[in-house]
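Residue numbers (my numbering), protein chains in the order written: chain Z, 1 to 302; chain H, 1 to 330.
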Amino acid sequence: MTVGTRNRQRPRGPRPTRGYRIFQAVNGVILTVVVIVTLYPFVNIVARSLSEEHYIVAGQVSLIPRGFNLETYRLVLSDSIFWTNYRNTVVYTVVATLISIVLTTCYAYVLSKKQLKGRTALVGIAVFTMFFSGGLIPNYVLITSLGLRNSILAIVLPNAINVFNLLVMKAFFESLPVELEEAAAVDGLSTYGILLRIVMPLSKAVIATMVLFYAVSFWNSWFAAFLYLDRADLFPVTIYLRNLIAGATGATSAGAAADGLTQAAASIQSVTIVLTVIPILLVYPFIQRYFVSGVMLGAVKG
Amino acid sequence: MGRSSTVDAPSGTPNPPPPRIEPALSTGRRRRTWRQSLRRDWQLYSLAVLPLLFFAVFRYLPMIGNVIAFRRFEPGGNVLGEHWVGLHYVRMFLSDPTFWQVFANTLILGTLTLVVCFPLPIVLALLLNEVRARRLKRFVQSVSYLPHFLSVVIVAAMLMQLLSVDGAVNQLVRVFGGEATAFLQEPGWFRTVYVSSEMWQTVGWGTILYLAAFTTIDQDLYEAARIDGASRWRQTWHVTLPGIRPTMVTLLILNIGTFMAVGFEKILLLYNPLTYPTADVISTYLYRMGVESSSFSYAAAIGLFEALIGLTLVLTANQISRRTVGTSLW
Numbered sequence: 001m002t003v004g005t006r007n008r009q010r011p012r013g014p015r016p017t018r019g020y021r022i023f024q025a026v027n028g029v030i031l032t033v034v035v036i037v038t039l040y041p042f043v044n045i046v047a048r049s050l051s052e053e054h055y056i057v058a059g060q061v062s063l064i065p066r067g068f069n070l071e072t073y074r075l076v077l078s079d080s081i082f083w084t085n086y087r088n089t090v091v092y093t094v095v096a097t098l099i100s101i102v103l104t105t106c107y108a109y110v111l112s113k114k115q116l117k118g119r120t121a122l123v124g125i126a127v128f129t130m131f132f133s134g135g136l137i138p139n140y141v142l143i144t145s146l147g148l149r150n151s152i153l154a155i156v157l158p159n160a161i162n163v164f165n166l167l168v169m170k171a172f173f174e175s176l177p178v179e180l181e182e183a184a185a186v187d188g189l190s191t192y193g194i195l196l197r198i199v200m201p202l203s204k205a206v207i208a209t210m211v212l213f214y215a216v217s218f219w220n221s222w223f224a225a226f227l228y229l230d231r232a233d234l235f236p237v238t239i240y241l242r243n244l245i246a247g248a249t250g251a252t253s254a255g256a257a258a259d260g261l262t263q264a265a266a267s268i269q270s271v272t273i274v275l276t277v278i279p280i281l282l283v284y285p286f287i288q289r290y291f292v293s294g295v296m297l298g299a300v301k302g
Numbered sequence: 001m002g003r004s005s006t007v008d009a010p011s012g013t014p015n016p017p018p019p020r021i022e023p024a025l026s027t028g029r030r031r032r033t034w035r036q037s038l039r040r041d042w043q044l045y046s047l048a049v050l051p052l053l054f055f056a057v058f059r060y061l062p063m064i065g066n067v068i069a070f071r072r073f074e075p076g077g078n079v080l081g082e083h084w085v086g087l088h089y090v091r092m093f094l095s096d097p098t099f100w101q102v103f104a105n106t107l108i109l110g111t112l113t114l115v116v117c118f119p120l121p122i123v124l125a126l127l128l129n130e131v132r133a134r135r136l137k138r139f140v141q142s143v144s145y146l147p148h149f150l151s152v153v154i155v156a157a158m159l160m161q162l163l164s165v166d167g168a169v170n171q172l173v174r175v176f177g178g179e180a181t182a183f184l185q186e187p188g189w190f191r192t193v194y195v196s197s198e199m200w201q202t203v204g205w206g207t208i209l210y211l212a213a214f215t216t217i218d219q220d221l222y223e224a225a226r227i228d229g230a231s232r233w234r235q236t237w238h239v240t241l242p243g244i245r246p247t248m249v250t251l252l253i254l255n256i257g258t259f260m261a262v263g264f265e266k267i268l269l270l271y272n273p274l275t276y277p278t279a280d281v282i283s284t285y286l287y288r289m290g291v292e293s294s295s296f297s298y299a300a301a302i303g304l305f306e307a308l309i310g311l312t313l314v315l316t317a318n319q320i321s322r323r324t325v326g327t328s329l330w
């Protein structure tokens with residue numbers, strides 16, 4: 001342990017004391033517990049989703065499926081509403097992310113121009129909304145009276161700009177060298193041209209991070225859809241799952257009833273959870289890095 | 001906003017801005033009038049138009065919409081209410097025993113969440129910081145961030161499965177000879193359930209900023225502490241913790257800012273009439289009043305009250321920290 005004094009590690013003492021070695025052991029145990037506690041629920045849900053209902057109800061399923069079967073998966077996957085809702089989630093996420101990125105990039109670029117007259121006010125307009133919001137009821141009345149109920153716009157517009165993301169992007173644009181943009185301006189490029197051809201190509205990494213931030217939050221969102229959508233064919237998959245767990249039984253229970261499996265509630269819920277988590281688990285290893293760097297970017301700005 | 005002055009110069013044609021940039025740069029910060037600024041930077045301002053429209057419609061209009069808290073509102077009638085009723089609705093909720101019940105619940109849940117979920121990431125970050133094996137450290141980090149990426153609906157659904165009478169938690173209870181409990185039907189368990197799930201979701205992700213802050217601490221300080229004979233524990237106490245204080249304070253203020261809004265979505269998904277005595281908070285109560293019972297004015301009055309308390313809390317916390325530790329959000 002003491003040998004590897006790589007320069008990234010701080011040299012905090014010539015050799016670890018006995019007390020410190022005991023601490024290291026305890027630390028290892030604690031962190032193992034953290035990992036187990038974090039992962040156990042996932043494994044448990046997967047096990048339940050693959051088990052037969054009567055084993056689940058008897059409380060006998062923990063880590064390993066009992067009475068292994070894929071019947072419940074077949075049942076849920078054959079529900080056409082489930083697929084419709086999944087497709088809706090994809091559509092909402094793509095459209096909302098696109099709108100968000102365009103608006104956020106434009107505004108962040110404007111805010112990054114330190115010499116711009118009125119910049120402080122423009123920043124203030126955005127930052128104030130972080131600490132004070134109109135609240136649920138006025139928003140609800142607004143969306144309803146704009147006639148956006150049962151429209152994709154009610155999902156993709158009201159949260160188009162996240163101020164935290166905006167500030168991260170602004171900080172990034174501010175860190176770009178001014179000379180490039182000045183040179184481009186001298187060459188006769190308009191502001192739009194500079195943004196599109198000079199700034200955006202230099203900002204690919206931060207834009208990718210923002211796309212992920214927005215996409216994950218839209219993918220996971222449910223409340224706007226819950227408030228403003230009434231028709232089952234418009235729901236995102238989060239609402240499908242919500243209705244399932246709230247017992248406001250959707251099409252699945254209808255399908256289940258037809259199959260004579262009405263009581264298979266627990267395994268159907270587990271299967272639906274697994275099917276909604278899978279896309280996130282699949283992309284998670286690849287996106288996690290970008291998220292961490294995005295948070296750091298925001299922190300630098302402080 | 002800036003659109004009106006932009007019409008005369010269609011983009012594509014050679015326009016005034018480029019030649020103007022050079023003198024502007026060389027003369028530095030000369031005060032310009034609005035007219036000059038708009039002429040020079042109209043393209044920049046035009047980029048702000050759509051975002052400003054967004055803020056106006058979806059952020060500031062609802063703030064103005066709060067006037068319905070002081071007006072009689074009828075669904076289908078005037079969007080801003082029919083006529084003034086003054087503080088009628090404020091008096092109404094102040095004399096509503098349910099309101100005080102949910103107010104107390106909000107404070108209790110908010111405090112519990114803050115007390116548990118604010119320090120734990122610091123502890124976990126300190127523990128991670130002592131891990132020498134880099135791959136192990138990265139593995140633990142990756143795993144602990146995972147719950148942050150899940151939808152609150154998925155978290156609620158998983159909780160319901162884990163906490164059901166046949167679920168994993170009750171299996172554990174039975175192993176230790178206890179009686180199975182329907183945790184989500186028991187008011188006495190709700191706070192524990194809520195805070196632990198909040199912990200599960202946020203602790204790992206919360207470490208990121210602290211782990212980043214550790215790397216900014218001057219290594220010479222550790223060297224000096226070591227020469228003075230400080231043990232590792234003392235080095236942590238006297239060097240590491242003071243080193244991350246600005247981060248801690250900033251995050252604390254931000255946490256206090258969301259104090260009043262306590263996990264509205266999660267509570268809405270997890271509570272039920274049986275657990276209302278402990279689970280019902282201001283935001284869920286006003287949701288039921290407004291959206292479910294259509295008492296918009298009454299609910300808006302409560303919402304405005306909640307938002308004002310939230311704003312006051314942030315401003316106060318920010319002010320106190322600026323005075324005492326010299327860190328503030330702005």
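Beta carbons are placed, not taken as given, at the ideal position from N, Cα and C, and that holds for glycine.
| query | result |
| --- | --- |
| Beta carbon of Tyr48/Z nearer than 8 Å to that of Ala266/Z | Position check: residue 48/Z holds Arg in this sequence, whereas Tyr was assumed. In contact: Arg48/Z and Ala266/Z (Cβ atoms closer than 8 Å). |
| Members of the region 244-267 of chain H near chain Z, C-beta cut-off 7 Å | Thr250, Gly257, Glu265 |
| Per-residue DSSP class, three states only, for Arg323/H | helix |
| Sequence-distant residues of the same chain with beta carbon closer than 8 Å to Asn162/Z, five excluded per side | Ser100, Thr104, Phe213, Tyr214, Ser217 |
| Nonlocal neighbours in the same chain, by C-beta distance under 6 Å from Ala184/Z, ignoring five residues either side | Ile194, Ile198 |
| Nearest-angstrom beta carbon gap, Thr247/H and Tyr210/H [assumed within contact, 8 Å] | 6 Å |
| Same chain only: Cβ atoms within 8 Å of Val173/H, ignoring 5 sequence neighbours per side | Glu179, Ala180, Thr181 |
| Endpoints, alpha helix (DSSP H) assigned at Ile256/H | 245-257 |
| Interface flag, Pro16/H vs chain Z, CB-CB below 8 Å | Any reading at Pro16/H is ruled out, since the residue's pLDDT is 42, under 50, leaving its predicted position unreliable. |
| Simplified DSSP assignment, three categories, for Arg205/H | One point to set straight first is that residue 205/H is Trp, not Arg, in the sequence displayed. DSSP places Trp205/H in helix when its eight states are reduced to three. |
| Test: Phe149/H CB closer than 8 Å to a CB of chain Z | yes |
| Reduced DSSP category for Arg72/H - H, G, I as helix; E, B as strand; rest coil | coil |
| Local conformation of Trp84/H per DSSP, three classes | strand |
| Option in Phe149/H, Ser297/H, Ile320/H, Thr327/H with minimal Cα separation from Leu281/Z | Phe149/H |
| C-alpha gap between Thr272/Z and Leu268/H, whole angstroms | 20 Å |
| CB-CB length for Ile137/Z against Leu80/H, believed under 8 Å | That pair is no contact at about 13 Å. |
| Per-residue DSSP class, three states only, for Asp218/H | coil |
| CB contact check: Met296/Z to chain H, cutoff 8 Å | yes |
| Cβ separation of Val57/H and Val116/H, assumed to be a contact under 8 Å, to the nearest whole Å | So it is not a contact: roughly 38 Å between Cβ atoms. |
| Assigned secondary structure, Asn165/Z (DSSP; H/G/I helix, E/B strand, else coil) | helix |
| CB contact flag (Leu127/H, Met199/H, <8 Å) | no |
| Cα-Cα separation between Val141/Z and Asn88/Z, rounded to whole angstroms | 24 Å |
| Neighbourhood of Val90/H by C-beta distance below 6 Å, restricted to the same chain and skipping five residues each side | Ala301 |
| CB contact flag (Val206/Z, Phe164/Z, <8 Å) | no |
| Contact list for Arg242/Z against chain H, beta-carbon separation under 9 Å | Val153, Ala156, Ala157, Leu269 |
| Touch test, the region 256-266 of chain H against the region 312-324 of chain H, Cβ-Cβ under 8 Å, three pairs minimum | yes |
| Test: Gln288/Z CB closer than 8 Å to a CB of chain H | yes |
| Leu70/Z versus Thr93/Z: straight-line alpha-carbon distance, rounded | 29 Å |
| Rounded straight-line distance, which links the Cα of Val26/Z to that of Leu111/Z | 49 Å |
| Pairwise C-alpha distance: Asp230/Z and Leu148/Z | 12 Å |
| Closer than 8 Å to chain H by CB, Ser78/Z | no |
| Range covered by the alpha helix (DSSP H) that runs through Ala232/Z | Unbroken run through Ala232/Z: none, as it is neither H nor E. |
| 8 Å Cβ cutoff met for Met210/Z and Met169/Z | yes |
| Reduced DSSP secondary structure (H/G/I, E/B, other) of Ser203/Z | coil |
| Inter-stretch contact at 8 Å, needing at least 3 Cβ pairs: the region 154-161 of chain H / the region 237-246 of chain H | no |
| Amino acids of chain Z, ordered along the chain, whose beta-carbon sits closer than 7 Å to that of Ile282/H | Going along chain Z, no residue has its Cβ under 7 Å from Ile282/H, so there is no contact; the nearest lies around 11 Å. |
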